[in-house]
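Below you'll find the structure, written out as structure tokens, and then a few comments.
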Amino acid sequence: MRSPIYWHPTIYTLFMRALCFGYYNERYQEVADLIPSNSSVLDVCCGDCKLFDYIKFKKVTYVGVDFNKVFVDVAKKRGLHVQQANVLIDNLPQADYIVMISSLYQFIPHHQQMIEKLLSVSKKAVIIRECVKSHSTSPNPLVSTVGKLLNNPGDGMKTKRFNKLTLKKALKPFKDKISHQTFAKNDIDYIVMIKP
Ligand SMILES: C[S@@+](CC[C@H](N)C(=O)[O-])C[C@H]1O[C@@H](n2cnc3c(N)ncnc32)[C@H](O)[C@@H]1O
């Protein structure tokens, strides 16, 4: 069953505000800062499309993609250009910047193919922000179980997460194309920019 946080974008937003308390704005702002004005942006696994609020002033062309119909319908009602698609099997539209926030873990063990797919539709760069110190991998069994239970977006529970080492390994084939990489200010997420 789809986890309650994925029942409606408002629930998702509230949950993320609580989970990311103290760095919620930075979560999007740090990605937005990497996107120049007048760019086209494809937000892959866009969720509640929160990124849009941080880049709309830059006159970007924003397209979101997510397989959650409720999320997509709500985004469309907001006037956003969002497509319902399964990014594992469906084709993605091209854009200058392809963004994936907190979503790469969902594609383990096919994460490298996913990065390649993102690169194939990117004209300028792929920007990935990924958590490397997840609640789901907490040594506290209660915290980790709750973390895992809250992580079924609709196609099964996602039990695997990256840590610093496994993400570094995942990015190794792309190392010559990485133009920017850094820990986010929260020291939990890693941000990487890969050129196509
Ligand atoms: C953890 S949320 C991240 C949402 C948003 N990027 C953010 O940072 O808040 C993961 C999102 O990925 C979407 N998703 C998961 N697997 C997907 C797939 N195969 N195709 C499209 N969307 C998918 C879910 O519906 C959910 O909205």
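Going by our numbering, the first residue of the sequence shown is number -10, and it counts up by one from there. Don't be surprised by glycine CBs; every beta carbon is placed ideally from N, CA and C.
Query: Alpha carbon of P162 to alpha carbon of Q95, nearest angstrom; Result: 19 Å
Query: Cβ neighbour criterion (16 or more within 10 Å) applied to I116; Result: buried
Query: Secondary structure of A84, DSSP reduced to three states; Result: strand
Query: Through-space distance from M5 to G11, alpha-carbon basis; Result: 11 Å
Query: From K164, I104 and T(-1), residue whose alpha carbon lies closest to that of V33; Result: I104
Query: C-alpha distance - V54 paired with P130, whole-angstrom precision; Result: 33 Å
Query: Residues bridged to H(-3) (per DSSP); Result: In the DSSP output, where bridge partners are listed per residue, H(-3) has none listed.
Query: CA-to-CA distance, I97 to T148, given in whole angstroms; Result: 9 Å
Query: The segment 40 to 56 / the segment 70 to 83 touching (three or more Cβ pairs under 8 Å); Result: yes
Query: Neighbourhood of S123 by C-beta, 7 Å cutoff - its chain only, sequence neighbours within 5 removed; Result: G136 and R150
Query: Other residues of its chain near K45: CB distance less than 8 Å, five sequence neighbours each side excluded; Result: Y51
Query: Segment limits, beta strand (DSSP E) that includes Y179; Result: D178 to I183
Query: Q18 versus P(-2): straight-line alpha-carbon distance, rounded; Result: 19 Å
Query: For A84 and I180, the rounded distance between their alpha carbons; Result: 19 Å
Query: Identity of the residue in I183, L8 and I90 nearest I167 by Cα; Result: I183
Query: Within 8 Å, strictly: CB atoms of S26 and K47; Result: yes
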